[in-house]
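A.B. asks: Here the sequence shown stands for residues -24 to -1, 1 to 171, numbered as in mature numbering (1 follows the signal peptide of the UniProt record, and there is no 0).
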Amino acid sequence: MTQGHWIKALGAAALAGTGSIALAHVGADGHGHHGFFAGLLHPITGPDHLAAMLAVGVWSAATTRRVWTAPLAFALTLLAGALLAQGGLGLPAIEPMIAASLLVVGLLLAARTKLPPGAGALLVGGFALFHGAAHGQELGGLAALAGMVAGTALLHGAGITLGRRLRHHSVWWTRAAGAVVALMGLNMGWGLLAG
């Protein structure tokens, strides 16, 4: 299979799985997921969160020496967003901001954009607040939130590992991964507009 076929296959797979994620969190059963393991799996089982967290790790590894600055900001702000949601403070436009996060982080990765570490941390941290609010609406209890942060850290670590490996190969793979994530964001945003 040629590189062109691979990117088409990756893009099709990503888009096929994202059509129904636009409203995957808001209005869920109200803190129905409890326990550390439920929280650990939560970021992994949502394609939007999975893609964003992996992409933050890959982008960090591909563009900066301080690879944990942006992922750490993401994880801490994710926790803050979840705590706000569990405390009853609703954030507006949660799902559109998650779609925007996929688009922006995907484009940053595709373009291999280098930002100062503080700016990168601020950018992904801002988006993480909305990811956290989405998780906080579904998770209940501190154990679930601890699991969510642990799952997020694992995904960031996997992204950093992948990003480091991709640095030693063609830049094309990093750009392709970013393009797929950006397409997921566009698809999610389009689904919100059409819905």
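Note that beta-carbon positions come from the ideal geometry of N, C-alpha and C, so glycine has one too.
Distance, Cα to Cα, residue 181 vs Gly133?
C.D. replies: Because the chain spans -24 through 171 in this model, residue 181 falls outside it and cannot be assessed.
A.B. asks: Based on the DSSP output, what are the partners of Leu115 in its beta bridges?
C.D. replies: Position 139 of the sequence shown, counting from 1, holds the residue named residue 115. His9.
A.B. asks: So what does DSSP say about Ser36, is it helix, strand or coil?
C.D. replies: For the purposes of this step, residue 36 is identified with residue 60 of the sequence shown, where counting begins at 1. Reduced to three states, the DSSP call for Ser36 is helix.
A.B. asks: Could you compute how far the alpha carbon of Gly66 sits from the alpha carbon of Ser146?
C.D. replies: Within the sequence shown, residue 66 is the residue found at index 90, counting from 1. Within the sequence shown, residue 146 is the residue found at index 170, counting from 1. Answer to the nearest angstrom: the Cα atoms are 43 Å apart.
A.B. asks: For the region 45 to 122, list the alpha helix (DSSP H) runs that are entirely contained and at least 4 residues long, ordered along the chain.
C.D. replies: 45 to 62, 70 to 87, 93 to 114, all fully within the region 45 to 122.
A.B. asks: Would you identify the three-state DSSP class for Val125, choosing helix, strand or coil?
C.D. replies: In the sequence shown, the residue the question calls residue 125 occupies position 149. If DSSP states are grouped into helix, strand and coil, Val125 belongs with the helices.
A.B. asks: Is the beta carbon of Ile136 sitting closer than 8 Å to the one on His107?
C.D. replies: For the purposes of this step, residue 136 is taken as residue 160 along the sequence shown, with counting starting at 1. For the purposes of this step, residue 107 is taken as residue 131 along the sequence shown, with counting starting at 1. It is not a contact, given that the beta carbons lie outside the stated cut-off.
A.B. asks: Using CA atoms only, rank isn't needed, just tell me which of Thr150, Pro47, His10 is closest to Pro93.
C.D. replies: Along the sequence shown, one-based indexing puts residue 93 at 117. Nearest of Thr150, Pro47, His10 to Pro93, Cα basis: Pro47.
A.B. asks: Would you decide whether Ala170 is buried or exposed? Buried here means 16 or more other CB atoms lie within 10 Å of its CB.
C.D. replies: Position 194 of the sequence shown, counted from the start, is the residue given in the question as residue 170. Result: exposed.
A.B. asks: Hey, how far is the Cα of Thr53 from the Cα of His144?
C.D. replies: The count along the sequence shown starts at 1 and reaches residue 53 at position 77. The count along the sequence shown starts at 1 and reaches residue 144 at position 168. When rounded, the distance between both Cα atoms is 31 Å.
A.B. asks: Measuring CB atoms only, is the region 125 to 132 touching the region 69 to 83, in the sense that at least three cross pairs come out at less than 8 Å?
C.D. replies: With the cut-off at 8 Å, the region 125 to 132 and the region 69 to 83 do not touch.
A.B. asks: For Leu26 versus Gly57, is the C-beta distance shorter than 8 Å?
C.D. replies: Within the sequence shown, numbered from 1, the residue matching residue 26 stands at position 50. Within the sequence shown, numbered from 1, the residue matching residue 57 stands at position 81. No, these two residues do not count as a Cβ contact at 8 Å.
A.B. asks: Quick check on this structure: which residue in Gly139, Gly96, Leu17 has the alpha carbon closest to the alpha carbon of Arg151?
C.D. replies: The sequence position of residue 151 within the sequence shown is 175, counting from 1. Comparing Cα positions, the closest option is Gly139.
A.B. asks: Assuming Leu91 and Leu83 make a contact with CB atoms under 8 Å, what is their CB distance in whole Å?
C.D. replies: Taking the sequence shown and counting its residues from 1, one reaches residue 91 at position 115. Taking the sequence shown and counting its residues from 1, one reaches residue 83 at position 107. Between Leu83 and Leu91 the Cβ distance is about 12 Å, and since that is not below 8 Å, they are no contact.
A.B. asks: Of all the options Leu159, Leu118, Arg141, Gly167, which has the alpha carbon lying nearest to the alpha carbon of Phe12?
C.D. replies: As a working note, residue 12 is residue 36 in the sequence shown. Answer by Cα proximity: Leu118.
A.B. asks: Determine the direct distance from the alpha carbon of Leu17 to that of Ala49, and round the result to whole angstroms.
C.D. replies: As a position in the sequence shown, residue 49 is number 73, starting the count at 1. As a position in the sequence shown, residue 17 is number 41, starting the count at 1. Near 20 Å, if we compare the C-alpha coordinates of Leu17 and Ala49.
A.B. asks: Would the C-beta of Ala110 count as close to the ligand COA, meaning under 7 Å from any of its heavy atoms?
C.D. replies: Ligands displayed in this structure: none; no statement on the ligand COA is therefore possible.
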